[in-house]
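Residue numbering for the sequence shown follows full-length UniProt numbering, starting at 6 and increasing by one per position. Yeah, the Cβ is synthetic: ideal placement off N, Cα and C, and Gly gets one too. Quantities reported herein were computed from a predicted structural model and do not represent experimental measurements.
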Amino acid sequence: KGKFKGRDFITLNAFTAEEISYMVDVAMELKADRNAGIPHPVLQGKVLAMIFTKSSTRTRVAFEAGIYQLGGSGMFLSARDIQLGRGEPIQDTARVLSRMVDGIMIRTFSHQEVLDLAEHSSVPVINGLSDFLHPTQILADLLTIKETKGKIQGLKLTYIGDSNNVANSLLLGGSKMGMNIVIASPQGYQPVPEIMDLAWKNASLSRSTVQIVEDPVAAARGADILYTDVWASMGQEEQSEIRKKIFAPYQINDEVLGAAHPEAIVMHCLPAHRGEEITDKVIEGPQSVVFQEAENRLHAHKAIMALVM
Ligand code: CP
Ligand code: NVA
Numbered sequence: 006k007g008k009f010k011g012r013d014f015i016t017l018n019a020f021t022a023e024e025i026s027y028m029v030d031v032a033m034e035l036k037a038d039r040n041a042g043i044p045h046p047v048l049q050g051k052v053l054a055m056i057f058t059k060s061s062t063r064t065r066v067a068f069e070a071g072i073y074q075l076g077g078s079g080m081f082l083s084a085r086d087i088q089l090g091r092g093e094p095i096q097d098t099a100r101v102l103s104r105m106v107d108g109i110m111i112r113t114f115s116h117q118e119v120l121d122l123a124e125h126s127s128v129p130v131i132n133g134l135s136d137f138l139h140p141t142q143i144l145a146d147l148l149t150i151k152e153t154k155g156k157i158q159g160l161k162l163t164y165i166g167d168s169n170n171v172a173n174s175l176l177l178g179g180s181k182m183g184m185n186i187v188i189a190s191p192q193g194y195q196p197v198p199e200i201m202d203l204a205w206k207n208a209s210l211s212r213s214t215v216q217i218v219e220d221p222v223a224a225a226r227g228a229d230i231l232y233t234d235v236w237a238s239m240g241q242e243e244q245s246e247i248r249k250k251i252f253a254p255y256q257i258n259d260e261v262l263g264a265a266h267p268e269a270i271v272m273h274c275l276p277a278h279r280g281e282e283i284t285d286k287v288i289e290g291p292q293s294v295v296f297q298e299a300e301n302r303l304h305a306h307k308a309i310m311a312l313v314m
């Protein structure tokens, strides 16, 4: 466990497959304890500062409830209210918060801001979503996959839609863990070379595959997991009308679900736009695990905090 303490959680690519597996196992244990009513105050007296420059339901509640359940406390810092929002540099914010708290979570736009925060912070920094990555989501997703499928390695995961922060982290985390990842996105919205290079490198080590295709039905064929996310992420609201046209064929609906393995599960990080990236019927249907997935943010975030703080 010693090798986690003090580390940042900014990208899953900074961890080995064994370490990611261990984090999933710790999350499972913490979940089982909570369900059995067994307290686990392993972070007694510790404080997590949580900086948000974007909205959040799941991430905020999972970190805040999670740190409390671990015996510590969380401090919600809206960027609008702290001096960061009035132009205080992130480097100074990092040095000040580090002297008072035991960990810092940040959700923001620029990934560089997360990196700058971490560089100047003496306590662990957790990436609660940037425009580039969403690693805490994917740790919870790996937990959900392990719970429902009994394993992670060797499964086929097809992501349909925009190659955004969630898709990027799925590519990194999934390829580390030996999943075969297929991304179905339209031209111009496919993963950037920086992510694909890392994912291909991971896949060659874990003996798995990573592919980008344009046809969503072909991509879904035989998939164990279908995954999607919104077509316009936070900060892209002004593009939402044009994106609705471009992404119209990239919807998880009955046809796409029918192409997948008959026991495939359907995942979405939420919040969802029903009728856009996924139909109401599929997200409410028996193969959807989206609320189990959302709950698992709590258990996964607790594992991250318990290990790095
Ligand atoms: N999936 C996710 O990160 O949800 P929130 O934006 O509600 O935190
Ligand atoms: N891709 C989405 C995920 C929200 C949890 C966004 O960045 O808005």
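Measuring from the CB of residue i, is there a heavy atom of ligand 1 at a distance below 7 Å?
i      : result
Gln142 : yes
Leu275 : yes
Ser61  : yes
Thr58  : no
Leu134 : yes
Arg65  : yes
By Cβ distance, which residues of its chain are closer than 8 Å to residue i, with the 5 residues on each side in sequence left out?
i      : result
Leu160 : Ile150, Lys154, Met184, Asn185, Asp229, Ile230
Glu219 : Ala189, Ser190, Pro191, Gln192
Leu48  : Ile72, Leu75, Gly76, Gly77, Asp107, Met310, Ala311, Met314
Arg248 : Asp167, Trp236, Ala237, Gln241
Met201 : Leu176, Val215, Ile217
Gly252 : Per the sequence shown, residue 252 should be read as Phe rather than Gly. Counting only Cβ-Cβ distances below 8 Å, and skipping sequence neighbours, we find Gly166, Asp167, Pro191, Tyr194, Trp236, Glu281, Glu282.
Asp259 : Thr284, Lys286, Val287
I need the DSSP call for residue i, collapsed to helix, strand or coil.
i      : result
Lys6   : Note on Lys6: pLDDT 49, under 50, position unreliable in the model; the coordinate value appears next. Note: Lys6 maps to coil in three-state DSSP.
Thr149 : helix
Arg85  : coil
Ser238 : coil
Tyr27  : helix
Phe252 : coil
Met33  : helix
His273 : strand
Ile98  : Checking the sequence, you will find Thr at residue 98 rather than Ile. Helix at Thr98.
Arg279 : strand
Phe296 : helix
Ile165 : strand
Tyr73  : helix
Thr62  : coil
Phe68  : helix
Ser209 : helix
Gln244 : helix
Thr113 : coil
Met314 : coil
Asn18  : helix
Quick one: measure Cβ to Cβ for residue i and residue j, integer angstroms, because I've assumed they're closer than 8 Å.
i      : j      : result
Met55  : Glu34  : Not confirmed; about 24 Å, so no contact.
Asn169 : Asp121 : About 22 Å separates the two Cβ atoms, so there is no contact after all.
His139 : Ser83  : With a Cβ gap of about 20 Å, His139 and Ser83 do not count as contacting.
Pro32  : Lys307 : The residue you asked about is not Pro; residue 32 is Ala in the sequence shown. Between Lys307 and Ala32 the Cβ distance is about 7 Å, and since that is below 8 Å, they are a contact.
His298 : Asp146 : Note on identity: in this sequence residue 298 is Glu, with His being the wrong assignment. About 6 Å; that satisfies the 8 Å criterion.
Val287 : Leu262 : 6 Å
Lys206 : Ile25  : Not confirmed; about 16 Å, so no contact.
Ala172 : Arg226 : That belief does not hold up - the Cβ atoms of Ala172 and Arg226 are roughly 19 Å apart, past 8 Å.
Phe20  : Pro129 : Rounded, the Cβ-Cβ distance is 13 Å, inconsistent with contact.
Whose C-beta lies closer than 6 Å to the C-beta of residue i among residues of the same chain, with five residues either side of it excluded?
i           : result
Tyr255      : Ile165, Gly166, Pro221
Leu102      : Ala54, Ile109
Lys51       : Gly77, Asp107, Met314
residue 326 : Since the first residue shown for the chain is 6 and the last is 314, residue 326 is missing from the structure and cannot be characterised.
Ile217      : Ile188, Gln195
Lys6        : Low confidence applies here, because Lys6 scores a pLDDT of 49, under 50, leaving its location unreliable and the question unanswered by this model.
Ala224      : Thr163, Val187, Ala189, Val218
Asn301      : Ala145, Leu148, Thr149
His125      : Gln96, Ala99, Arg100
Phe81       : Met55
Beta carbon of residue i: closer than 7 Å to some heavy atom of ligand 2?
i      : result
His278 : no
Asn170 : yes
Val295 : no
Met239 : yes
Asp146 : no
His139 : yes
Val235 : yes
Who are the near neighbours of residue i in its chain, counting only those whose CB is closer than 7 Å to its CB and skipping five residues on each side?
i      : result
Gly90  : Ala84
Gln303 : With the sequence shown as reference, residue 303 is identified as Leu, and Gln is not the correct amino acid for it. Within the same chain, Leu303 has close Cβ partners Ala67, Ala70, Gly71.
Ile270 : Thr153, Ile230, Gln292, Val294
Gly179 : Leu162, Ile186
Say yes only if the C-beta of residue i is nearer than 7 Å to one or more non-hydrogen atoms of ligand 3, and no if none qualify.
i      : result
Met110 : Ligands in the displayed structure: ligand 1 and ligand 2; ligand 3 is not one of them.
On the three-pair Cβ rule with 8 Å, is the region 110-122 touching the region 41-48? Contact between the region 110-122 and the region 41-48 is absent, because fewer than three Cβ pairs lie under 8 Å.
Taking one C-beta from the region 226-245 and one from the region 206-213 each time, how about it: are there three or more such pairs within less than 8 Å? No: fewer than three Cβ pairs fall under 8 Å.
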